[in-house]
Structure formats: C-alpha cells, structure tokens
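So the structure is just underneath, and the comments pick up after that.
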Ligand code: DCP
Ligand code: MG
C-alpha cells in the first residue's frame, strides 16, 4: 500500500482513509440568493461598493461568465458587467449558515477540519452510515445542507486530503467527484502542476522552463533532481506527484498567522527595492485576509527578511490592522539588522480566532518556523 493512502490503526495494521472535502458553491452569494429569490439567475456579487474602491468577496456563477472573480475591484466588475447587482456582505448571516453546515457534518463524523466558513475536510473512515460508502455519505451531506441551509455544496471524495480538495472542484457547482484508490495514478498523471498546493507563481514559472507541466512530468525526476531544482519543497513534490499525502484531518489546529512571502529571482540589493517589493506583497496579503476575516482577529503585524546568506530575521509589532506604513517601518528595522541583500521578503499578521470555534487550516500559514510567543523581534540563523 502506498504511504499516502495509509493510516495506522490501533493494532498496527494499516488501512485506507476516506476523506471528503466539502466546499460550498459561491458561498456568500448563495446565501444572498437564498434570502432573495429575485436575485436567482441574475449576475450578482457580494462585496464593497465600486464608488468606494470596494472589492468583490465572491460572485455567483452567472457573474463568473463575465470574468468576475473574488478580490477583483468592484469597479472593474461593474465595468465587465454593467447589470451586476452588488450586495454588501452580511458576515453574521454567513457565520450562522456555517454553523448549520457543521451540524450536518457532525451527523457523520467528529473528525472535521474547517478551512474557512464554507470549507472543511471530513474524515469518514469510521463512519458506518451507508455501509461506510464515502460517496454516498457525501451525497447525503449535500442533500441535507440543501434542505437545512438552502444552498449547494460540492464535494471531493478521496483517500487523502490533497486529492479530496482537488476533486471537490472537478464537478463544481453542486456536484461531487470521487477518486478511488485504483484511479489515483491516472488522476494525478494529468494533473497540471499549478494545482499542487505550494506551487505559486515563481515555482510555476520555473516548472514551465523545465517543461514540467503535469504530475506525470514531475514523476520522471528523481528525489535528488527535485531537491536540486526546488530545495526542501522537492520532497513534498515527490509525494504529491504520486498522489500521496499522509496529513491527518486535524480538528485542533488554530490559525496563528496569515502571511505571504516571496523569494526573489534576483536578490533585493537595498532598502528601497525592499520597500517597493513589500508594497507589492500587500494586495495578496489582503486577499488572504479577506478569506479569514470572519473567523480571525489581528493582533500583530510582522515582516520577515531572509538575507542572501539565508540568515532570517523577523520584526513585529502589536497592531489590529494591516497599516502599510507599519509594514514599511518594520521592513526598515529588519533591513537595518543585516544591511545586505535580501533573497526573501514576507509580510503577515498574527491572528487569534474571533470565537473559540473558529479553527482553521494552517496551510495558509507560511511562517510555521516562527516561534509563537514572539518577542519584539527574533533573528534566526539558517
Ligand atoms: N472570500 C472572500 N474573499 C476572497 C475569497 C473568498 O471574502 N478573496 C469569501 C467569500 C466566499 C467565501 O469566502 O463566498 C468562500 O470562498 P471560496 O473560495 O470557497 O469561494 P466561493 O464559495 O464563493 O466560490 P466557489 O464556488 O468557487 O467555492
Ligand atoms: Mg466555496
């Protein structure tokens, strides 16, 4: 049995996990359509006003036909679709719906890992309903969410989290897709590398240069070649390209930070280039924060720099928002500690759950190595 499919049982035997990844369809927009059926069939977005430089949080599938998507400026969205109806978000309503969805999940398993208000992994390996058929459990969950909450949900069913998450997108909206253990090789063969978690813009470009387009291409490389090209990420790529992922569904992890970072093709030589690069990271951070703002509150802002010699330093301050001037000040303080070229820059915020139930996926947290109880600053050797 392949490593990524196995889970240990008490007597030391191994068996396959059954994971369902659930993701509601155009979540905020679905709730708004549910509450105002006159909106159904029309292009709608939920977000800020175009007049006040608002952005789209999400939009329904009719609006997506016009090229509108999450995080787009509402003004741009309106330009693309002059008839677009833009609705202000009502977070409280979405939180209530999220709790209801969880009541449905709880009927089938206690092993639930929420990723955001509308998304969760469920481990149903021990669920006896429907003779243990994860496919039928997923259908039942979708039906019950439709009845109880009045919105649709898509599901991916697979032997691990990585495949389940990709599969839930396959028949979206209002659909589900199963990857059986016997189908994994075929499924990942055709999978574009861009679909792999952790493959961002820079890595994707590099893979393109190396003519690595699908997981089948990645599989042709040895572990040594993968780590030569992609450093410590190489090992993970080796596993993912084979459809392996042994991460358990975790019910306990709490999101501790939200951040973005970038490793630059050419080192940033001085503070001015660092400042400019930092400003460019901010929209991406804002985008990630939008997704979690309902369940998290900001406690600190921080900036991380990795100098060309791999020495890393992090500077942070107490804060309740993402003030760009604060980030610039932190960046200057960090740079002053090294006064040498910078290969990686990160910006982020430390967060706490806004309610004890607001658990989330640590995969948003790209700063896992940072200590949690941070002093004002810390410097790490490589
Ligand atoms: N969200 C947000 N800002 C973003 C992305 C998302 O405010 N940049 C909010 C609105 C979404 C919700 O989070 O409704 C869930 O995000 P998803 O990425 O799951 O997107 P949707 O559920 O809206 O659409 P999909 O059908 O693609 O899952
Ligand atoms: Mg969704």
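Numbering (the numbering used here), first residue to last: 113 to 494. In this text, a Cβ means the ideal position worked out from N, Cα and C, and glycines have one as well. Note that this is a predicted model, so its numbers are computed, not measured.
- Taking each of 321, 402, 268 and 326 in turn and checking the Cα distance to residue 304, the smallest one comes out for 326.
- Per DSSP, reduced to three states, the secondary structure at residue 377 is strand.
- With 6 Å as the limit, the residues whose C-beta approaches any heavy atom of ligand 1 more closely are 135, 136, 137, 138, 139, 140, 169, 170, 182, 183, 228, 230, 231, 284, 285, 399, 402 and 403, in sequence along the chain.
- Fully enclosed alpha helix (DSSP H) runs of no fewer than 4 residues occupy 139 to 147 and 173 to 176 of the segment 118 to 181, in order along the chain.
- In this structure residue 272 is not in contact with residue 127, their Cβ atoms being roughly 13 Å apart against a cut-off of 8 Å.
- Residue 138 and residue 455 have their C-alpha atoms spaced approximately 37 Å apart.
- Contact between residue 383 and residue 436 is absent: CB atoms are separated by about 16 Å, not below the 8 Å threshold.
- Beta-bridge partners of residue 225 (DSSP): 233.
- Within the DSSP secondary-structure output, residue 429 pairs in a beta bridge with 413.
- Ranked by how close their Cα comes to the Cα of residue 416, the residues 157, 370, 188 and 346 have 370 in first place.
- Pairing residue 198 with residue 190, the inter-Cα distance amounts to about 9 Å.
- Bridge partners of residue 447 according to DSSP: none are assigned.
- By the 16-neighbour rule on beta-carbons within 10 angstroms, residue 268 is buried.
- Exclusion of the five residues before and after residue 247 leaves 269 and 290 as the residues of its chain whose Cβ lies within less than 6 Å of its Cβ.
- Taking the C-beta atoms as reference points, residue 171 is found nearer than 8 Å to residue 156.
- The criterion of a C-beta distance shorter than 8 Å is satisfied by residue 462 and residue 414.
- Residue 218 is classed as exposed because its beta carbon has fewer than 16 other beta carbons within 10 Å across all chains shown.
- Assigned with DSSP and collapsed to three states, residue 185 falls in strand.
- At the C-beta level, residue 263 and residue 142 come within 8 Å of one another.
- With at least 16 other beta carbons inside 10 angstroms of its own, residue 342 counts as buried.
- Under the three-state reduction of DSSP output, residue 210 falls in the helix class.
- Close CB contacts of residue 223 within its chain, under the 7 Å cut and outside five residues either way in sequence, are with 234, 235, 361 and 363 (chain order).
- If you check the CB distance, residue 457 and residue 397 do not come in under 8 Å.
- Residue 252: member of the alpha helix (DSSP H) spanning 246 to 260, first to last residue.
- Around the beta carbon of residue 381, a 10 Å sphere encloses fewer than 16 other beta carbons of the protein chains shown; the residue is thus reported as exposed.
- The straight-line gap separating the alpha-carbon atoms of residue 201 and residue 144 is approximately 9 Å.
- For residue 464, the secondary structure class from DSSP, reduced to helix, strand or coil, is strand.
- For residue 346, the uninterrupted alpha helix (DSSP H) run begins and ends at 345 to 352, by DSSP.
- Secondary structure note for residue 266: it is in no alpha helix (DSSP H), and the uninterrupted beta strand (DSSP E) holding it is 265 to 270.
- Contact check for residue 345 and residue 310: beta-carbon distance about 6 Å, within the 8 Å limit, so the pair qualifies.
- For residue 288, the closest C-alpha among the options 165, 251 and 453 is that of 251.
- Annotation: the continuous alpha helix (DSSP H) that includes residue 404 extends over 383 to 404.
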